[in-house]
Amino acid sequence: MKQAFLKFEHWTSLFAMIGACAMMVVAAALGVFQIVTRFVLEQPAEWSEILIRFSLIWMVFLGIPTAFRQGAMVSVDVLYRWSPPKIRRVLDWVVCLAALALIAVIIWWGWDYTQRGSVQSMAGLENVSMFWAYLAMPVGGLFCVIGIIGNLVDPQRHELETAQ
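Going by this note's numbering, the first residue of the sequence shown is number 26, and it counts up by one from there.
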């Protein structure tokens, strides 16, 4: 059961990270496009700025699960280093529960914003609903839940191993 969950978590985190990287590529490409149209052609594309902003939002919310999975998001290095092994596991649980509480709030309010934003349109892209921009919060939050539980089941502390 544990191995099946960790395999599922691996694939969902990989999928989320690929999505985050794709959004970074989109933002960079649109940034170059915007520079060319604004300063070379002197005809700025109004829609590119809003798409850059929302691709960066999606990038962040899809990249956070990997940070949670690697144990790099909620860092309590000093406490972890000073604690005996039994307390470390309690600390893992406390961090996990605190992170899950935060992500639950993000999912709850993110979904509320998503529903409310479905009647709004993006400035510069009047045919596209804000639903798609706000959807990054609950979708990213769901990926985060899987990453947080994955880190509790199989702790990884990459930031602790690389710290000086």
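For each residue, glycine too, the CB sits at the ideal point set by N, CA and C.
Other residues of its chain near residue 33: CB distance less than 8 Å, five sequence neighbours each side excluded = 171
Three-state secondary structure assigned by DSSP to residue 146 | strand
Along the chain, which unbroken stretches of the alpha helix (DSSP H) at least 4 residues long are found entirely within the stretch 72-133?
-> 102-107
Per DSSP, what kind of secondary structure is residue 67 in: helix, strand or coil?
-> coil
Using the C-alpha atoms, what's the distance from residue 82 back to residue 30?
-> 28 Å
Can you have a look at residue 90 and say buried or exposed, based on whether 16 or more other CB atoms are within 10 angstroms of its CB?
-> It counts as buried.
Would you check whether the ligand SAH has a heavy atom nearer than 8 Å to the C-beta of residue 151?
-> Ligands displayed in this structure: none; no statement on the ligand SAH is therefore possible.
Would you decide whether residue 148 is buried or exposed? Buried here means 16 or more other CB atoms lie within 10 Å of its CB.
-> Exposed, since its Cβ has fewer than 16 Cβ neighbours within 10 Å.
Taking the C-alpha atoms as reference points, what is the distance between residue 177 and residue 127?
-> 16 Å
Under the DSSP definition of a beta bridge, which residues are partnered with residue 154?
-> 146
Rounded to a whole number of angstroms, what is the C-alpha to C-alpha distance between residue 124 and residue 175?
-> Distance between the alpha carbons of residue 124 and residue 175: 13 Å.
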